[in-house]
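If you're matching positions, the sequence shown starts at -1 in the numbering used here and goes up one per residue. Quick reminder that beta carbons are idealized off the backbone N, C-alpha and C, glycines included. Since the structure is predicted, the reported quantities are computational estimates derived from the model, not experimental observations.
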Amino acid sequence: MKKLILLVFAALALSVNAFAHEAFTLVSSEKKTVKQADLVALEQGQTLGTKDKANLTFTEKVIRLVVITGPEDDMLSFRIQGMRNPTLVVPSGATINVLFVNVDGDMKHDIRFGHVVADFTAAPDTKETAGSDKLLSKLEDGTMQAEEIVIRANEDGAYKYFCSVGSHAKGGMWGNIAVGIKATDLKSPPKTKHVHSPDEDKMENMPGMKSDEKKPADMSSMPGMGHDHAMKMSSVTNIGDPMDRESSGTSWAPDSTPMYAKMKMNSDGSMWMFMGTAFLRYTSIGSSRDVSASGKGSRSRFDGPTMFMAMYSKPINDKSQIGFRGMFSLDPIIQRGYGYPLLYQSGEQFQGKPIHDRQHPHDLISELALTYSYKFDEKRSFYLYAGYPGEPALGPPMYLHRTSGMNNPDAPIGHHWQDATHITFGVVTAGFSWGKAKIEASAFNGTEPNENRYNFDKPRLNSFSGRFSYNPTKNWAFQISHGYLKDPEPLEPNIHVLRKTTASAIYNRSFDKDHNWASTFIFGQNRANGESTNSFLFESNYDFYKNAVFGRAETVQKTGHDLVLSNADEDKVFRVNVFSVGYVRDLMQGKGIDVGLGSLVTLNTNPTTLTPYYGGTTHAGWQVFLRFRPSKMK
């Protein structure tokens, strides 16, 4: 009986071992760091294999290899001796010393060796595999994370090496390893385009994920995720659009636009995102004109322009989603009703009188919007957006949301020609998107918000607009729009209908994680009572490491009424210009919040006909500031 029990236990042990099929044993591992300059020398110390098509064959029993991750245009791959995901052919019982180096600039990677029978899932099982830990991406100073592992092949057969992070193996980051056999009829991984989520690595720690080595569940089956890659994130406004494209209201930015935000994913597929910008500054403008509003405010002041935003999305199923957008500002508290000095700025009122040469404060709450979206397939989708307040489909992304102007604390002086309807008390928008293009229409309240920045104005849908948007490539975003606004300004009762036309081109180029260039060109026209005035804006921002240089050039036609001149000049049109250039240096970066110290100088010019009001034709201004914003999402 005892012998029978021993035989049963022996049989069970053998069966478990056979089922586990541990093809490789991890002998040792050691974490290291590698500089780019050292990588060439390390690769020269490898055991060279014989290259034959997709195979790399070795005859030695002890093999040294350097394995690095693929380049940016083929990030879901390994490189071994210059070959992409080669099939490694090694002798029986070989010992392989692998130095794995993660050269990727923004993603974790690992390398695992084991027996994988079926196709890779989004969460490959690593229980019976041997390999490295998940290594972080390259550091800002270029230091690369590495791990040297020694593995021993236990038995002959055809196996695989792969990356277990996210859906990397499913996306093609794997290769074959043939131990003691010929490499024949082994399927090679395809080259695929990887759409990298800004928060992909953090998703490994989402609630509800498998506990085994904190691998993500199969995210491709989660509502709201794209099927071309498990980690493709959808816009809050429209489930059919990528997250990177989302900007103010329902407008589009280039797909390559960096996102400065904090995101939290939930296990049910829902998501919270927080973003914003706050400045603490001292600003001063030139000219000799009295720029106060009802006696309040001078040409110089300490102030703090702010914008904060929260977004939430929750998938209903694979094809539909609901979303929420909220935006608010501390301007009513900090700026108070008369705002901050800004030469040639116009629009809105304080204590019943028009404001001039000052930027009015924004409302405490400038957006509370709900969205519903549905996608028919991977390219076609539609959405509904309702806001009180909200932003209609009219104009480019609002200036505080453009990367090209995000470091500039000042509002454009052509703001009321280009994107002033970004705060509208009552708006409903319907849009249809087909991949790279979108058409949308809005019904909204065309009257400017009143001077009470804390209340909610009476909602009405008395105005209309339409917009066509087109993103031909990931770096470009174009739009053209037209709006019909009824009774836009309480202080301009003679204007019953204002027609707005805008066109814009936004370019963003992300060279790498430390270098980004964003530029915007905008044309805006206001037409009322048969007369038109035009505005043109060009702004640009270049980020490099912890630095940014930025600038803006504007030329705007403003009436004497806009500039609050005397009755004799009220109906005349004057062209005013603003040129500004600035620099900001991040004192703290990448730690959840970025804090930058910056300065801005401005040159303002006006025609000689305005000299009696401004005391000359050229006026200088300057400011110094601290800028606060969330760190850039990877």
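If you check the beta carbons only, do Arg243 and Asn469 fall under 8 Å apart? In contact: Arg243 and Asn469 (Cβ atoms closer than 8 Å).
What residue ranges within the stretch 10 to 87 form continuous alpha helix (DSSP H) runs of no fewer than 4 residues, ordered along the chain? Complete alpha helix (DSSP H) runs here, min 4: 34 to 42.
By Cβ distance below 6 Å, which residues in the same chain neighbour Pro188 in space, the five residues on each side in sequence not counted? Hits under 6 Å: Gly170.
Given this structure, state the Cα-to-Cα distance separating Glu537 from Tyr372, to the nearest angstrom. Computed Cα separation, rounded: 35 Å.
Relative to the C-alpha of Leu398, which residue among Val574, Tyr258, His354 and Gly385 is closest? It is Tyr258.
Count the CB pairs spanning the stretch 238 to 257 and the stretch 587 to 602 that are closer than 8 Å, and state whether there are at least three. Flag = no, the stretch 238 to 257 and the stretch 587 to 602 do not touch.
Apart from the five residues just before and just after Met309, which ones in its own chain have a Cβ nearer than 6 Å to its Cβ? Cβ neighbours of Met309 beyond the five flanking positions: Val234, Met271 and Arg323.
How should Glu70 be labelled, buried or exposed, when 16 other C-beta atoms within 10 angstroms of its C-beta is the threshold for buried? Glu70 counts as exposed, since fewer than 16 other C-beta atoms from the protein chains shown sit within 10 angstroms of its C-beta.
Below 6 Å CB to CB, which residues in the same chain sit around Lys136 once its five sequence neighbours on both sides are set aside? Cβ neighbours of Lys136 beyond the five flanking positions: Gly103 and Met142.
I'd like to know whether the C-beta atoms of Arg525 and Thr553 end up nearer to each other than 8 Å. Cβ atoms of Arg525 and Thr553: not closer than 8 Å.
What residues match up with Ile437 in a beta bridge as DSSP calls it? Per DSSP, Phe430 and Phe466.
Give me the Cα-Cα distance between Met261 and Gly43, rounded to the nearest whole angstrom. Cα to Cα, the separation comes out at about 43 Å.
Same chain, Cβ closer than 6 Å to Tyr370, five either side skipped, listed in chain order: A distance below 6 Å between beta-carbons, with the five flanking residues on each side excluded, links Tyr370 to the following residues of its chain, in chain order: Ile320 and Leu382.
Member of His413, Tyr482 and Ser533 whose CA lies at the smallest distance from the CA of Gln523: Nearest option by C-alpha distance: Ser533.
Thr369 by DSSP, collapsed to three states: which one? Here Thr369 carries a strand assignment [DSSP, helix/strand/coil].
Starting from Thr531, trace the beta strand (DSSP E) in both directions and tell me its first and last residue. Segment Glu529 to Phe542, the beta strand (DSSP E) holding Thr531.
Exposure label - Ser659; buried when at least 16 CB within 10 Å: Only positions -1 to 632 of the chain appear in this structure, which leaves residue 659 out of reach.
Proximity of Lys106 and Leu133 at Cβ, strictly below 8 Å: Lys106 is a Cβ neighbour of Leu133, given a cutoff of 8 Å.
Where does the unbroken beta strand (DSSP E) through His354 begin, and where does it stop? Start and end: Lys351 to Gln357.
Residue burial classification, Ile633 (beta-carbon count within 10 angstroms, cutoff 16): Nothing about residue 633 can be read from this structure; the chain reaches only from -1 to 632.
Mind checking which residues open and close the beta strand (DSSP E) that includes Pro610? Taken as a continuous stretch (DSSP letters only), Pro610 belongs to no beta strand (DSSP E), being part of the alpha helix (DSSP H) at Thr609 to Tyr612.
Starting from the C-beta of Arg451, find all residues in its chain whose C-beta is less than 6 Å away, skip the five residues before and the five after it, and write them out in chain order. These residues qualify, in order along the chain: Pro330, Pro359, Asp361 and Leu362.
Buried or exposed (CB count within 10 angstroms, at least 16 for buried), Pro605: By the Cβ neighbour-count rule, Pro605 is exposed, with fewer than 16 other Cβ atoms within 10 Å of its own.
Would you mind giving the Cβ-Cβ distance between His414 and Met396, rounded to the nearest angstrom? I have them listed as a contact below 8 Å. Going by Cβ atoms, the distance from His414 to Met396 rounds to 12 Å, so no, they are not a contact pair.
Looking at the structure shown, is Arg451 part of a helix, part of a strand, or coil, going by DSSP? For Arg451, the three-state secondary structure derived from DSSP is coil.
Looking at C-alpha atoms only, which residue of Val114, Ala251, Asn53 and Asp567 is the closest neighbour of Lys436? When Val114, Ala251, Asn53 and Asp567 are compared, the shortest CA-CA separation from Lys436 is found for Ala251.
Flag this pair as yes or no: are the beta carbons of Arg279 and Gly302 separated by less than 8 Å? At the C-beta level, Arg279 and Gly302 come within 8 Å of one another.
Supposed contact pair Val576 and Ile353 - C-beta distance, whole angstroms, cut 8 Å: Actually they are not in contact, since the Cβ atoms of Ile353 and Val576 sit about 17 Å apart, beyond 8 Å.
Look up Ser629 in the DSSP assignment and say whether it is helix, strand or coil. Coil.
Would you tell me roughly how many angstroms separate the C-alpha atoms of Pro89 and Ala116, rounded to the nearest one? Taken atom to atom, the span from the alpha-carbon of Pro89 to that of Ala116 is near 24 Å.
Should the stretch 496 to 508 be called in touch with the stretch 614 to 631, which here means at least 3 C-beta pairs below 8 Å? The way I'd put it, the stretch 496 to 508 doesn't touch the stretch 614 to 631; fewer than three beta-carbon pairs between them come closer than 8 Å.
From Phe76 to His513, what distance separates their C-alpha atoms? Near 25 Å, if we compare the C-alpha coordinates of His513 and Phe76.
DSSP state of Glu202 mapped onto helix, strand, coil: Legend: pLDDT at Glu202 = 48, less than 50; position of this residue unreliable, no value from coordinates given.
Cβ-based burial, Thr85 [other Cβ within 10 Å; buried from 16]: By the 10 Å Cβ count, Thr85 comes out buried.
DSSP state of Asp567 mapped onto helix, strand, coil: Asp567 falls in the helix class under three-state DSSP.
What did DSSP end up calling Phe623 once you bin it into helix, strand or coil? In this structure, DSSP gives Phe623 an extended state, which the three-state scheme calls strand.
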